[in-house]
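Asks: Those sequence lines, one after another, are chains G and V. Its first residue numbered 20, the first sequence is counted upward by one per residue in my numbering. Its first residue numbered 26, the second sequence is counted upward by one per residue in my numbering.
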Amino acid sequence: MASIELQNVNKWYGSAVHAVRDISFKIEDGEFFGLLGPSGSGKTSVLRMLAGLETVTQGDILFDGASVTDQTPQQRNIAMVFEQNALYPHMTARQNIAYPLKIRGRTKAEIDEMVGDVARMLHIDHLIDRRASQMSGGQQQRVAIARALVRRPNLLCLDEPIAHLDTLLRARLRGELKRLQRSLGTTSVIVTHDPIEAMTMTDRLAVMRDGVLQQIGSPDEIHNRPVNAFVSQFFGLHSMNLFRVEGLKESAGRFSGSLNDTHAEVPRSAMAYADKSDRLLVGCRPHAVVVVKQGEKPPPDTFQITGRVYVAEPLGEVTLVTIQTGDLTVQALDPRKRDYAIDEEVTVAVPQSALYAFHTETEETLAFGESADILPDADLRAV
Amino acid sequence: MSRSLFNDFLRHFALIVILMAVLSPLLWLLLTAFKPYEELFNNPPTILPESATLVNFTEGWEIGGGKGIMDSLIVSSISTVICLILGFPASYALARRFPPHGQLSFTILSLRMMPPIVPVIGFYLLFQELSLFDTYTGLIIVYTFMNLPLVIWLLAEFMRQIPKSYEEAARVDGASWFQLFRDVLLPLSLPGVLTAGILAMIFAWNEFLFSLVLTGDAVITLPKALASFFLFQQPNWGQLGAIGIVAFGPLLLLSYYMQRLLIRSFSIELGGR
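What follows is the structure, encoded as structure tokens:
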């Protein structure tokens, strides 16, 4: 176990691709750290540099304060679980798990005991003599995790370890991995493009985009206080709705503008974040959207646009309503049991207190919306 | 007759004609090997031997067939082993560090395409100087030179099929280069290694030109022994047939085995997720 530090790490592939740009952060001893981002964001490159599978073009990687930048994976005592094709296909599960111990010259008795322990821990005792081709994808990943944990590594690298499994199994392994990590206290880094994985499993995480670190923080911080529009849209169970309003003007004490040729009502308080050319970039989480049917009165002091219901999907407790206005898609989580017809005309209303405001050009966050549970109209957003 | 039945008939007829064209010389060789000398010149010729005998095999072995087989075995098996030992790591480098259809890959393969007559004079002069003329060592070197490009190229193709994550897993697990090769890459590419080995063996076994030019009386490989039957005496077709069968048999077995290996190596890939 170790603390990990990246100092101004850069990765170039050839001279054309700057995959990782000047990234620095520290992972505490025993922490479960996430690297989150869309594909091509450089998260996997960071993990592979931590593992020693890629060279660091520039910068330094420290384990417990000592540089490992020039060390091979063999020298770093790290373990890794790969996305797929992780198990040696010509070996049984037992031989796979024992392999790192075997090349470290442990005795047979020691190996048998350690393999037995870790196999029980991951509930794979009954699979121990099967080969990879005789196991399901989930079983293979369990064995791969067992092989990674059997020798108590300094750092456990998880490269989308459960991305290829079906939904139910993924949810189960998510929980198991988190429990395992907590009980063993192994410093771990998981790479994922799935915000739910990042949110549920990690202590802290880094969101990356195009090789640039966007934000580091606890899942809660990143969910509620995203530093920019990208993070707010990428992170969370449902991504943030963004509204880019142009041509703001005032008439009779009310503010309005246009959004994709649609009329948008803007609450007075949001006007503080408009830029010099009368543009505004605001956003809100789907649970903050109030869907107003025709004939109903929209709540006062809200951001409003009209659109048509594209589809409504009941999710049990709430209904996920997708509304289209022009080529903009707005998602709303409606806690009330209501029926929606396809193409029904509705008004999207967002209370000003739930609105996030972003800089119209840099897309940096200017103001955070209040999080769901402290909104005044609590019964509407019991999600 | 329905259309599909007619098509079936045509297809089988064509197959039978082709098979007869291909197999009849082999069959004739086989039958001749068991005929006594006198029966060979019967007119009209007999098809099945009237008085079958093994005398062609024993005599053929004694007049040079035996030495031919031993020498061919020594030279082709040792050169094949050297080809595999050198070719395995080289093919890894070619597969992992160079583009799949790049210049290096092509250059290596083009060495194998060179007509053997081109380097043979150079080898002859060189071997005279180095006292390698008419030695096992000399011929082994030449066959290694001849087959190594093919082995590297073939094995590299196999290596490219192996997902990188296996070796990355091994490196992370702490395996040294040697352990990585022995424990992971070799078992995974074993069908390829055996296939390349069998091909190298067959080529060395059949090789005639180098053997003819670069050896004298001390080393006489099988093709050279067979050819010498024509040169110095009235050819005894029965003995030729017998030695031919013995020379051809192992190749037939190896080819059959190789075919099964290739099928298995494909099914391993499909089975492994």
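The C-beta atom is built at its ideal place from N, Cα and C for all residues, glycine as well. All of these numbers come straight from a predicted model, not from anything done at the bench.
#1: Counting only the same chain and skipping the five closest in sequence on each side, list residues whose C-beta sits under 6 angstroms from that of residue 320 of chain G.
#2: Short of 8 angstroms Cβ to Cβ, which residues in the stretch 111 to 125 of chain G face chain V?
#3: Let me know the secondary structure DSSP gives residue 81 of chain V once reduced to three states.
#4: Our contact map puts residue 253 of chain G next to residue 57 of chain G with C-beta atoms below 8 angstroms; I'd like the distance itself, whole angstroms only.
#5: Can you give the Cα-Cα distance for residue 231 of chain G and residue 39 of chain G, rounded to whole angstroms?
#6: Can you tell me whether residue 397 of chain G is buried or exposed? The criterion is at least 16 other CB atoms within 10 Å of its CB, across all chains shown.
#7: Can you tell me which of the three DSSP states residue 171 of chain G falls into?
#8: Would you say residue 211 of chain G and residue 50 of chain G are within 8 angstroms of each other, going by their C-beta atoms?
#9: Indicate whether residue 122 of chain G and residue 137 of chain G have their beta-carbon atoms separated by less than 8 angstroms.
#10: Under DSSP, the beta strand (DSSP E) around residue 188 of chain V begins and ends at which residues?
#11: Using a cut-off of 8 angstroms between C-beta atoms, extract the partners of residue 38 of chain G located in chain V.
#12: Could you confirm whether any beta carbon from chain V is found closer than 8 angstroms to the beta carbon of residue 410 of chain G?
#13: With a Cβ-Cβ cutoff of 8 angstroms, do residue 200 of chain G and residue 180 of chain G count as a contact?
#14: Whole angstroms is fine: what's the gap from residue 216 of chain V's alpha carbon to residue 242 of chain V's?
#15: Closest to residue 195 of chain G by C-alpha separation, out of G:173, G:26, G:221 and G:365, would be which residue?
#16: Locate the beta strand (DSSP E) running through residue 333 of chain G, then write down its first and last residues.
#17: Please classify residue 140 of chain G: does DSSP put it in a helix, a strand, or coil?
#18: Assuming the contact rule is C-beta atoms closer than 8 angstroms, residue 244 of chain V and residue 149 of chain V should be a hit. Round their C-beta distance to whole Å, please.
#19: In the DSSP assignment, the alpha helix (DSSP H) including residue 53 of chain V goes from what residue to what residue?
#20: Could you check if residue 46 of chain V is buried or exposed, using at least 16 other CB atoms within 10 Å of its CB as the buried criterion?
#21: Give the secondary structure of residue 269 of chain G by DSSP, where H, G and I count as helix, E and B as strand, and everything else as coil.
#22: Determine the closest residue to residue 324 of chain G out of G:45, G:256, G:349 and G:26, with distance taken between C-alpha atoms.
#23: Output the distance between the C-alpha atoms of residue 196 of chain V and residue 123 of chain V, rounded to the nearest integer angstrom.
#24: Kindly indicate which three-state DSSP category residue 262 of chain G falls into: helix, strand or coil?
#25: Mark residue 89 of chain G as exposed unless 16 or more other C-beta atoms lie within 10 angstroms of its C-beta, in which case mark it buried.
#26: Taking Cβ-Cβ distances shorter than 8 angstroms, what residues in chain G pair up with residue 190 of chain V?
#27: Where does residue 189 of chain V land, buried or exposed, given buried means 16+ other C-beta within 10 angstroms?
#28: In the DSSP output, what is residue 375 of chain G paired with across the bridge?
#29: Using a Cβ cut-off of 7 angstroms, pull out every chain G residue sitting near residue 199 of chain V, in sequence order please.
#30: State whether the stretch 172 to 184 of chain V contacts the stretch 112 to 126 of chain V, with contact taken as three or more CB pairs (one from each stretch) at a distance under 8 angstroms.
#31: Would DSSP call residue 125 of chain G helix, strand or coil?
#32: Between V:229, V:230 and V:251, which lies nearest to residue 269 of chain V when the distance is taken from Cα to Cα?
#33: Taking Cβ-Cβ distances below 7 angstroms as the criterion, which residues of the stretch 178 to 212 of chain G are in contact with chain V?
#34: Between the stretch 255 to 268 of chain G and the stretch 294 to 308 of chain G, are three or more C-beta pairs nearer than 8 angstroms?
#35: Answer yes or no: does any C-beta atom of chain V fall closer than 8 angstroms to that of residue 97 of chain G?
#36: Which runs of the beta strand (DSSP E) at least 3 residues long sit entirely within the stretch 81 to 168 of chain V? Give them in chain order.
Replies: Short version:
#1: 286 and 371
#2: 118, 119, 122 and 123
#3: helix
#4: 7 angstroms
#5: 6 angstroms
#6: Because residue 397 of chain G sits at a pLDDT of 34, beneath the cut-off of 50, its placement in the model cannot be relied upon, and the following sentence gives the value as read from the coordinates. Per the 10 Å Cβ criterion, exposed.
#7: coil
#8: no
#9: no
#10: Taken as a continuous stretch (DSSP letters only), residue 188 of chain V belongs to no beta strand (DSSP E), as it is neither H nor E.
#11: In chain order: nothing, as chain V lies at least about 17 angstroms away.
#12: Since the first residue of chain G shown is 20 and the last is 402, residue 410 of chain G is not available in this structure.
#13: no
#14: 38 angstroms
#15: G:221
#16: 321 to 333
#17: helix
#18: With a Cβ gap of about 14 angstroms, residue 244 of chain V and residue 149 of chain V do not count as contacting.
#19: 28 to 58
#20: exposed
#21: strand
#22: G:349
#23: 20 angstroms
#24: strand
#25: exposed
#26: 101, 102, 103, 104 and 105
#27: exposed
#28: G:302
#29: 93, 119, 122 and 123
#30: yes
#31: coil
#32: V:251
#33: none
#34: yes
#35: yes
#36: none
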